[in-house]
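Taking the numbering used here, the leading residue of the sequence shown gets 13, the next gets one more, and so forth. Below you'll find the structure, written out as structure tokens, and then a few comments.
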Amino acid sequence: AADHQLIIGLDANVSKVPKNGYLDITTFVGAARKAGLSTCAGDDPEELGKKAVTTFNCRTYLQTQLNKAVRSKERYEKGDRNPKDLILFHETQYEAVAWLKDNTGQCTFNSDIPFPTLRFPSDHGIVAGLLRVRPR
């Protein structure tokens, strides 16, 4: 109904590139756009694959799920670095004014540091957006 507002914070679990068994960012954005939804970080899949990366996970051989373990020297090539966390909104109701991501707890994102860390215990970055209500 017209009096309902839609904002969704989502762990979309998408990958930058198509991989067997995983939803890729291009397919995800296409489906969102078809439904009239936008993201706070923009709607260009190529740009989202670069600027909206919110994970950098590298399991060690001491953790469970050994099939996901990555050698330290291979962390940049084989670590999980994908744009998984997005804020969606209906494009007729809002427009994105600002967007940020954080993996430090200090409103900054360091793309060179795998996480979680002792200072940032989550394996996903925090995302925040500022939306402006569109006039009716």
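Every residue, glycine too, gets a C-beta built ideally from N, C-alpha and C. All values derive from a computational prediction rather than experimental measurement.
Does the separation of the CB atoms of residue i and residue j fall below 7 Å?
i	j	result
Ala25	Lys96	It is worth fixing the name first, because residue 25 is Asn in this sequence and not Ala. Yes, Cβ-Cβ distance for Asn25 and Lys96 is below 7 Å.
Asp7	Asn69	Outside the displayed range of the chain (13 to 148) lies residue 7, so it cannot be described from this structure.
Leu100	Ile20	yes
Val41	Asp23	no
Glu107	Arg146	yes
Thr116	Phe132	yes
Arg71	Ala81	yes
His16	Thr66	no
Following the continuous beta strand (DSSP E) through residue i, name the residue where it begins and the one where it ends.
i	result
Tyr106	106-114
Determine the DSSP secondary structure at residue i, reduced to helix, strand or coil.
i	result
Phe101	strand
Val65	coil
Leu18	coil
Gly42	helix
Leu60	helix
Ser50	strand
Arg144	strand
Ala13	Any reading at Ala13 needs caution, since the residue's pLDDT is 48, under 50, leaving its predicted position unreliable; the model's value is listed next. Residue state, collapsed to three classes: coil.
Lys96	coil
Can you check DSSP and say which residues form a bridge with residue i?
i	result
Asp36	Ser27
Ile125	According to DSSP, Ile125 bridges with nothing at all.
Val139	Lys113
Arg83	Looking at the DSSP assignment, Arg83 forms no beta bridge with any residue, so it has no partner.
Arg71	Ala81
Taking the alpha helix (DSSP H) that residue i belongs to, which residues open and close that run?
i	result
Glu89	87-90
Is any heavy atom in the ligand NAD found nearer than 6 Å to the beta carbon of residue i?
i	result
Val65	This structure simply doesn't include the ligand NAD, nor any ligand for that matter.
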